[in-house]
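S.K.:
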Amino acid sequence: MSEIKKAEKIAGVKGMNDLLPDDSPLWELFENTVQSVLKSYGFQQVRTPIVEPTNLFARGLGEVTDVVEKEMYSFEDSMNGDKLTLRPEGTAGVVRSAIEHNLIYDGPRRLWYTGPMFRHEKPQRGRYRQFHQVGAEALGFTGPDIDAELIMMCQRFWDDLGLDNVRLELNSIGDAEERNQHKAALIAYFEQHQDILDAEAKRRLLTNPLRILDTKNPAMQEMVNAAPKLLDYLGAESLAHFEGVQKILRHNSIPFTINTRLVRGLDYYNRTVFEWVTDDLGSQGTVCAGGRYDALFGIFGGKPTPACGFAMGIERLLELMKAKGDVHQPAMCDVYLVHQGAEAQMQAMVLSERLRDAGLDVVLHCATANGVGSFKSQMKKADGSGAAYAVIIGEDEANNNTVSVKELRAGDAENNQVNVPFDTAVDYLVDQIAGSADGDCCDDPNHHHVHH
Ligand code: ATP
Ligand code: MG
Numbered sequence: 043m044s045e046i047k048k049a050e051k052i053a054g055v056k057g058m059n060d061l062l063p064d065d066s067p068l069w070e071l072f073e074n075t076v077q078s079v080l081k082s083y084g085f086q087q088v089r090t091p092i093v094e095p096t097n098l099f100a101r102g103l104g105e106v107t108d109v110v111e112k113e114m115y116s117f118e119d120s121m122n123g124d125k126l127t128l129r130p131e132g133t134a135g136v137v138r139s140a141i142e143h144n145l146i147y148d149g150p151r152r153l154w155y156t157g158p159m160f161r162h163e164k165p166q167r168g169r170y171r172q173f174h175q176v177g178a179e180a181l182g183f184t185g186p187d188i189d190a191e192l193i194m195m196c197q198r199f200w201d202d203l204g205l206d207n208v209r210l211e212l213n214s215i216g217d218a219e220e221r222n223q224h225k226a227a228l229i230a231y232f233e234q235h236q237d238i239l240d241a242e243a244k245r246r247l248l249t250n251p252l253r254i255l256d257t258k259n260p261a262m263q264e265m266v267n268a269a270p271k272l273l274d275y276l277g278a279e280s281l282a283h284f285e286g287v288q289k290i291l292r293h294n295s296i297p298f299t300i301n302t303r304l305v306r307g308l309d310y311y312n313r314t315v316f317e318w319v320t321d322d323l324g325s326q327g328t329v330c331a332g333g334r335y336d337a338l339f340g341i342f343g344g345k346p347t348p349a350c351g352f353a354m355g356i357e358r359l360l361e362l363m364k365a366k367g368d369v370h371q372p373a374m375c376d377v378y379l380v381h382q383g384a385e386a387q388m389q390a391m392v393l394s395e396r397l398r399d400a401g402l403d404v405v406l407h408c409a410t411a412n413g414v415g416s417f418k419s420q421m422k423k424a425d426g427s428g429a430a431y432a433v434i435i436g437e438d439e440a441n442n443n444t445v446s447v448k449e450l451r452a453g454d455a456e457n458n459q460v461n462v463p464f465d466t467a468v469d470y471l472v473d474q475i476a477g478s479a480d481g482d483c484c485d486d487p488n489h490h491h492v493h494h
């Protein structure tokens with residue numbers, strides 16, 4: 043033994059997190075809530091690959107965006123030399139897929155997706171290299187009505203998730219021609235203020251001057267605040283669209299503020315852009331962002347198709363939910379099966395399957411390196427599982443064809459254990475558990491209901 047060296051541990055990739063069992067109930071609650079809201083608005087799910095051709099993002103997001111310039115995980119497939127990228131966002135893949143499969147040949151579509159995204163950023167609170175988004179894309183709709191509907195659906199997410207600390211910021215960045223005029227004015231203005239521009243801004247002046255408006259540098263705020271506003275360059279149609287969105291939001295009592303400096307980091311947006319932000323997450327306060335992207339289908343060689351969508355950052359929203367209070371940890375099972383002796387073990391195995399047939403969640407105690415363990419240690423596991431009942435099959439029970447059912451959450455009550463015939467144990471437990479569920483049923487979607 044002594045010459046065998048202990049193998050070194052391998053750590054996960056920096057900035058990419060494991061989802062551990064204690065957190066999975068919260069993820070499940072989030073996913074269930076969001077999915078049922080999406081369904082209630084007629085959105086259909088699509089699942090696209092995590093890997094796409096690199097040029098999909100380079101062309102779609104824009105060569106001079108932060109994501110494409112410095113955040114993408116790109117690599118060459120060593121088998122065939124293909125240039126590939128781990129998706130940094132979901133819209134490009136969904137639009138690629140919609141074009142490839144002609145998804146909107148017979149009318150518009152409401153689609154949604156969820157899954158991991160990858161960006162090589164500096165890991166910090168609310169900013170990871172693998173993170174998760176839920177996004178919705180409404181394809182083929184032209185009017186302000188769909189923009190407003192997407193925003194109202196977001197409001198419903200927050201309501202159903204119990205979040206009252208996110209607020210809506212809205213802007214319109216017009217169409218390409220309006221942006222070009224504004225861009226020229228913006229460049230002229232920034233050139234007059236060369237002395238205030240930092241190195242990053244000077245670089246962006248040549249590549250993507252609009253993004254200078256996004257700066258977080260305090261020394262530049264005053265200058266940037268006084269810069270020409272895109273809103274002042276909008277033509278009649280863009281203005282009417284923007285006012286249409288606002289009118290619907292007001293009519294439905296969705297509060298918002300217009301943030302004339304709100305531009306999105308990706309090139310494909312036009313007209314409506316919005317962000318949902320919170321003050322409770324430090325500097326990574328944007329939990330959801332979106333807008334209209336009428337040009338993207340054309341950029342990808344598809345039939346010109348108007349579109350609008352958003353993506354929300356799951357990790358940031360979960361952090362907000364956690365801050366709201368204790369997360370209820372649901373029980374691992376309804377019944378934990380404890381047994382002692384070879385014959386009892388065989389019976390426990392059969393009973394556990396019958397209980398599952400009846401719709402109950404069952405954990406059967408199984409052997410580890412130390413065997414099945416003492417009765418006492420098994421009961422400890424039963425207690426820790428959160429199960430409402432332990433079913434005990436000892437040697438006596440096995441010989442008499444009975445089982446003992448112990449109520450685990452009955453406090454100090456003396457008579458919390460009964461002996462029932464093996465063949466009636468399933469009915470007995472189903473009645474007990476269904477009975478208590480009727481009494482104190484709750485709104486928790488993770489709560490188990492017994493159907494029989
Ligand atoms: P940020 O301003 O935080 O860099 P972004 O403009 O790059 O965000 P989008 O591309 O619009 O973000 O993505 C939509 C949402 O996804 C963001 O609002 C945020 O909630 C989340 N998100 C983006 N990047 C990350 C990341 N690296 N880690 C965790 N969540 C992220
Ligand atoms: Mg970013």
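Under the numbering used here, the first residue of the sequence shown is numbered 43, with each subsequent residue one higher.
The C-beta atom is built at its ideal place from N, Cα and C for all residues, glycine as well.
As the structure is a computational prediction, the values presented were derived from the model and not from experiment.
(1) Three-state secondary structure (DSSP) at N461?
(2) With a threshold of 7 Å, establish whether the CB of D108 neighbours any heavy atom of ligand 2.
(3) By how many angstroms is the C-alpha of E50 removed from the C-alpha of V329?
(4) How far does the alpha helix (DSSP H) with G135 in it reach, from first residue to last?
(5) Does the Cβ-Cβ distance between T302 and L203 come in under 8 Å?
(6) In terms of residues, what are the limits of the alpha helix (DSSP H) holding K112?
(7) Rounding to the nearest angstrom, what Cα-Cα distance links N488 and R334 in this structure?
(8) Nearest by alpha-carbon distance to W154: which of V176, E142, I146 is it?
(9) Does the distance from the CB of T320 to the CB of V208 come in under 8 Å?
(10) On the CB-based measure, 16 or more other CB atoms within 10 Å of its CB, does A230 come out buried or exposed?
(11) Alpha carbon to alpha carbon, how far is P67 from V79?
(12) Can you pull the DSSP bridge partners for H174?
(13) Do you know offhand how far L379's Cα is from V405's?
(14) If you follow the alpha helix (DSSP H) that R396 is in, where does it begin and where does it stop?
(15) Roughly how many whole angstroms lie between the Cα atoms of A479 and L61?
(16) Mind checking whether F85 and R129 have CB atoms under 8 Å apart?
(17) Output the boundary residues of the beta strand (DSSP E) element that contains E449.
(18) Where does the unbroken alpha helix (DSSP H) through G426 begin, and where does it stop?
(19) Hey, N429 and D376: beta-carbon distance below 8 Å or not?
(20) Go through its chain and collect everything with a Cβ distance to I290's Cβ below 6 Å, but skip five positions before and after it.
(21) Rounding to the nearest angstrom, what Cα-Cα distance links D148 and G182 in this structure?
(22) What is the residue span of the alpha helix (DSSP H) that E73 lies within?
(23) Counting beta carbon pairs with one atom in the segment 212-229 and one in the segment 276-284, are three or more of them shorter than 8 Å?
(24) Can you give me the start and stop residues for the alpha helix (DSSP H) that C196 sits inside?
(25) For ligand 3, I want to know if A134 counts as a neighbour, meaning its beta carbon is within less than 7 Å of at least one of the ligand's heavy atoms.
(26) DSSP on K225, reduced to helix/strand/coil?
(27) Would DSSP call H491 helix, strand or coil?
(28) Which partner residues of V55 appear in the DSSP bridge assignment?
(29) Once you ignore the five residues that flank Q223 on each side, which residues in its own chain have a CB closer than 6 Å to its CB?
(30) Could you check the C-alpha separation between N312 and C350 for me, to the nearest Å?
(31) Starting from M374, trace the alpha helix (DSSP H) in both directions and tell me its first and last residue.
(32) If I measure Cβ to Cβ from V55 and keep anything under 8 Å in the same chain, skipping five residues before and after, which residues do I get?
(33) State the Cα-Cα distance for the pair E192 and G332, rounded to the nearest angstrom.
(34) If you compare alpha carbons, which of M121, E439, D309 is closest to E111?
(35) Taking the alpha-carbon positions, what's the K448 to I435 distance?
(36) Below 8 Å CB to CB, which residues in the same chain sit around G413 once its five sequence neighbours on both sides are set aside?
M.R.: According to the structure shown:
(1) Locating residue 461 in the sequence shown gives position 419, counting from the first residue. If DSSP states are grouped into helix, strand and coil, N461 belongs with the strands.
(2) For the purposes of this step, residue 108 is taken as the residue at position 66 of the sequence shown. Yes, the Cβ of D108 comes within 7 Å of a heavy atom of ligand 2.
(3) In the sequence shown, residue 329 corresponds to position 287, counting from 1. In the sequence shown, residue 50 corresponds to position 8, counting from 1. Between the alpha carbons of V329 and E50 lies a gap of roughly 38 Å.
(4) In the sequence shown, the residue the question calls residue 135 occupies position 93. From DSSP, the alpha helix (DSSP H) with G135 extends over 133-142.
(5) Looking up residue 302 in the sequence shown gives position 260. Looking up residue 203 in the sequence shown gives position 161. No; because the gap between Cβ atoms is not below 8 Å, this pair is not in contact.
(6) As a working note, residue 112 is residue 70 in the sequence shown. Here K112 belongs to no alpha helix (DSSP H), and DSSP marks it neither H nor E.
(7) By one-based count along the sequence shown, residue 488 stands at place 446. By one-based count along the sequence shown, residue 334 stands at place 292. The pLDDT assigned to N488 is 46, lower than 50, so where the model puts this residue is not dependable, and the model offers no usable value.
(8) Sequence index remark: in the sequence shown, residue 154 carries index 112 (1-based). Closest by alpha carbon: V176.
(9) In the sequence shown, the residue the question calls residue 320 occupies position 278. In the sequence shown, the residue the question calls residue 208 occupies position 166. Contact flag set, yes.
(10) Here the question's residue 230 lines up with position 188 in the sequence shown. By the Cβ-count criterion, A230 is exposed, with fewer than 16 other Cβ atoms from all chains shown falling within 10 Å of its own Cβ.
(11) Within the sequence shown, residue 67 is the residue found at index 25, counting from 1. Within the sequence shown, residue 79 is the residue found at index 37, counting from 1. Answer to the nearest angstrom: the Cα atoms are 18 Å apart.
(12) Numbered from its first residue, the sequence shown carries residue 174 at position 132. P158, per the DSSP bridge assignment.
(13) Here residue 379 is taken as the residue at index 337 of the sequence shown, counted from 1. Here residue 405 is taken as the residue at index 363 of the sequence shown, counted from 1. Each residue's alpha carbon lies about 6 Å from the other.
(14) Residue mapping note: residue 396 aligns to position 354 of the sequence shown, counting from 1. From DSSP, the alpha helix (DSSP H) with R396 extends over 384-399.
(15) Against the sequence shown, residue 479 aligns to sequence position 437. Against the sequence shown, residue 61 aligns to sequence position 19. Each residue's alpha carbon lies about 30 Å from the other.
(16) For the purposes of this step, residue 85 is identified with residue 43 of the sequence shown, where counting begins at 1. For the purposes of this step, residue 129 is identified with residue 87 of the sequence shown, where counting begins at 1. Going by C-beta atoms, F85 is not nearer than 8 Å to R129.
(17) Residue 449 sits at position 407 when you count from the first residue of the sequence shown. E449 -> beta strand (DSSP E) spans 444-449.
(18) The residue given as residue 426 occupies position 384 in the sequence shown. Counting along the chain, the alpha helix (DSSP H) containing G426 begins and ends at 417-426.
(19) Sequence index remark: in the sequence shown, residue 429 carries index 387 (1-based). Sequence index remark: in the sequence shown, residue 376 carries index 334 (1-based). The sequence given here has Ala at residue 429, not Asn. Yes, the pair counts as a contact, with Cβ atoms nearer than the cut-off.
(20) Here residue 290 corresponds to residue number 248 of the sequence shown, with the count starting at 1. Result list for I290: A190, in chain order.
(21) Along the sequence shown, one-based indexing puts residue 148 at 106. Along the sequence shown, one-based indexing puts residue 182 at 140. C-alpha separation (whole angstroms): 10 Å.
(22) Along the sequence shown, one-based indexing puts residue 73 at 31. It spans 66-82 - the alpha helix (DSSP H) in which E73 sits, taken as one unbroken run.
(23) yes
(24) As a working mapping, residue 196 is identified with position 154 in the sequence shown. Per DSSP, the unbroken alpha helix (DSSP H) holding C196 starts and ends at 186-203.
(25) This structure lacks ligand 3; its bound ligands are ligand 1 and ligand 2.
(26) Against the sequence shown, residue 225 aligns to sequence position 183. Helix at K225.
(27) Translated into the one-based positions of the sequence shown, residue 491 becomes position 449. Interpretation of H491 is limited by its pLDDT of 37, a score under 50 that renders its predicted location unreliable; the figure taken from the coordinates is listed afterwards. The answer is coil: DSSP assigns H491 none of H, G, I, E or B.
(28) Within the sequence shown, numbered from 1, the residue matching residue 55 stands at position 13. Partner(s): none; V55 has no beta bridge.
(29) Your numbering for residue 223 matches position 181 in the sequence shown. Correct list, in chain order: Y275.
(30) Position 270 of the sequence shown, counted from the start, is the residue given in the question as residue 312. Position 308 of the sequence shown, counted from the start, is the residue given in the question as residue 350. Spanning the two alpha carbons is a distance of roughly 9 Å.
(31) The residue labelled residue 374 in the question sits at position 332 within the sequence shown. That residue, M374, is in no alpha helix (DSSP H); it is neither H nor E in DSSP.
(32) As a working note, residue 55 is residue 13 in the sequence shown. So the qualifying residues of the chain are R171, Q172.
(33) Here residue 192 refers to the residue found at position 150 when the sequence shown is read from its first residue. Here residue 332 refers to the residue found at position 290 when the sequence shown is read from its first residue. As written in the sequence, residue 192 is Leu, which differs from the Glu given in the question. Going from the Cα of L192 to the Cα of G332 covers about 9 Å.
(34) Counted from its first residue, the sequence shown places residue 111 at position 69. Out of M121, E439, D309, the CA that lies nearest to the CA of E111 is found in D309.
(35) One-based indexing of the sequence shown puts residue 448 at position 406. One-based indexing of the sequence shown puts residue 435 at position 393. Taking the straight line from one Cα to the other gives about 11 Å.
(36) Numbered from its first residue, the sequence shown carries residue 413 at position 371. Hits under 8 Å: none found.
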